[in-house]
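Novice: Residue numbers (the working numbering): 7 to 88.
Cβ coordinates follow ideal geometry from the N, Cα and C atoms, glycine included.
The structure follows.
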Ligand SMILES: [Zn+2]
């Protein structure tokens, strides 16, 4: 899994509910909602009951990052948040 070298304007372990200044607000809020519903619970379990990290948690983290980048293409082909 490749990691972006771009410094993110938030703490990935604890992103703020309010979007950072350069984030797209709608995408951020949608991603944050998913992030909030899929927090790690214990060492190996997600709040949704699936093994950590679940698919939705990974997508939420991805979309929080995408929301802060100008390049929309980064969000393609990674599935949809539900
Ligand atoms: Zn989950």
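#1: Apart from the five residues on each side of it in sequence, which residues of its chain come closer than 6 angstroms, Cβ to Cβ, to residue 62?
#2: By the DSSP assignment, the alpha helix (DSSP H) with residue 34 in it spans what residues?
#3: With DSSP run on the structure shown, which of helix, strand or coil describes residue 62?
#4: Can you pull the DSSP bridge partners for residue 52?
Specialist: Taking the definition as stated:
#1: Mapped onto the chain shown, residue 62 falls at position 56. Taken in chain order, the residues that qualify are 40, 44.
#2: In the chain shown, residue 34 corresponds to position 28, counting from 1. Note, residue 34: alpha helix (DSSP H), 31 to 43.
#3: For the purposes of this step, residue 62 is taken as the residue at position 56 of the chain shown. Residue 62: helix per DSSP, three-state reduction.
#4: Counting from 1 along the chain shown, the entry for residue 52 is found at position 46. BP columns for residue 52 point to 46.
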